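As structure tokens, the structure follows; a few thoughts come after it.
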Amino acid sequence: MNQTTQAPAPMPKVRTIGLQDLRHALADGWRDFRQAPVFGLVIAGMFVLGGIIIYLQLTVWESAWMILPVAVGFPLIGPFVVVGLYEVSNQLEAGRRPDWNTVITRIFRQKDRQIPSIAFIVTFFFGIWFYLAHLVFALFFGLSAMTNISSSYGLLYSQQGLAMLAVGTLVGGALALVLFSISVVSIPLVVDREVDFVTAMITSVASVVRNFAVMLVWAALIGVMTVVAMLPMFLGLLVVLPVLGHATWHLYRRLLEPASSV
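For what it's worth, the numbering used here labels the leading residue of the sequence shown as 4, then goes sequentially.
Now the structure itself:
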């Protein structure tokens, strides 16, 4: 009896990129947003609404210590919100006019593929970040020192507060770098190709390692643009989030060789 064994899919090949590729990716992201703004505004609008609701809950519940980890956590979970934007960029790249039926179908199709596995891992790290943020705060201030927003700023600018911010930044930065490394390429990769989430994350880390300086600049750009966009009550995310989502797709295209050449 003849048995055929399907060969495993080859690992995607990583390219070396430069700072000019970041500029081109951002330009392409801005172009996609201008060509199909409704998709970005609707998808980002849900994210903005969620941010406003969480912010109001934190202030009403007087849980001021949670604002910093939530603010840092938003850029970490952002890629899952913009899966639809990847499809919009994919459609525009192919010369097709994107429509809601195609975009929504692609989003819901991910629930039976690899995105949930990556989402679980990212959520796990996000939970660790929440725990460590609370632990760092408790080590410096105890469990009840910061009770409301008005008293928060004085504590944060005290000697203890500055030390807490320094430690929290180091801890959060390390976790953010890990999450960025495993997700920046893996999420668009599993949306675009039939690869398992382990292969996707290995490829993502390999992309960051091979282009470490450039990808560090990209991570910094994402962080700075997102934080600035969040300042006016999250409203800046209506533009920044779609542009970064589209740009991430185009950067992914620049980072990996086409599937046909692998």
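Backbone N, C-alpha and C define an ideal beta-carbon position, used for all residues, glycine too. All values reported here derive from a predicted model rather than from experimental measurement.
Item, Value
"Could you tell me if M167 is buried or exposed, where buried requires 16 or more neighbouring beta carbons within 10 angstroms of its beta carbon?", "buried"
"What number of angstroms, rounded off, separates the C-alpha of I123 from the C-alpha of F200?", "Note that residue 123 is Phe in the sequence shown here, rather than Ile. Straight-line Cα distance between these residues: approximately 11 Å."
"Run through DSSP, which three-state label would V198 get?", "coil"
"With burial defined as no fewer than 16 other Cβ atoms inside 10 Å of the residue's Cβ, what is the status of Q117: buried or exposed?", "buried"
"Please determine, among H253, G164, G226, the residue with the shortest C-alpha to C-alpha distance to L240.", "G226"
"Note down the Cα distance separating A250 from I190, rounded to an integer number of angstroms.", "13 Å"
"Across which residues does DSSP place L259 in a beta bridge pair?", "V17"
"Buried or exposed for I20, please, with buried defined as at least 16 other CB atoms from any protein chain shown within 10 angstroms of its CB.", "buried"
"Is there contact between the segment 85-93 and the segment 26-42, where contact requires at least three CB pairs shorter than 8 Å?", "yes"
"V85 by DSSP, collapsed to three states: which one?", "coil"
"Rounded to whole angstroms, what's the CA-CA distance from R109 to G87? Just pull it up for me.", "7 Å"
"Tell me whether the segment 123-137 and the segment 170-189 touch, counting them as touching only if at least three CB pairs, one residue from each stretch, are closer than 8 Å.", "yes"
"When the Cα atoms are used, what is the spatial distance from V17 to P261?", "10 Å"
"Rounded to whole angstroms, what's the CA-CA distance from I46 to V217? Just pull it up for me.", "28 Å"
"Where do the N-terminal and C-terminal ends of the alpha helix (DSSP H) with Q38 fall, by residue?", "22-38"
"Report the rounded CA-to-CA distance for I205 versus I56, giving the unit in angstroms.", "35 Å"
"For W252, does the count of other Cβ atoms within 10 angstroms reach 16, so buried, or fall short, so exposed?", "buried"
"In chain order, which alpha helix (DSSP H) runs of at least 4 residues are fully inside the segment 100-175?", "103-112, 118-144, 152-159"
"Extract the residue ranges of the alpha helix (DSSP H) inside the segment 182-232, only unbroken runs of 4 or more that lie entirely within it.", "189-195, 200-213"
"Here's the rule: buried if 16 or more other CB atoms are within 10 angstroms of the residue's CB, otherwise exposed. What is G164?", "buried"
"Using CA coordinates, which residue listed in D115, V187, W33, A141 is at the minimum distance from V125?", "V187"
"Using the three-state DSSP reduction, which class does G248 fall into: helix, strand or coil?", "helix"
"Quick check: what's the CA-CA separation for A179 versus R256?", "23 Å"
"Does the distance from the C-beta atom of A28 to that of L254 stay below 8 Å?", "yes"
"Out of curiosity, what's the CA-to-CA distance linking S207 and F183?", "9 Å"
"Less than 7 Å between the CB of Q113 and some heavy atom of the ligand MG, yes or no?", "In the structure shown, the ligand MG is absent, as is every other ligand, since no ligand is present at all."
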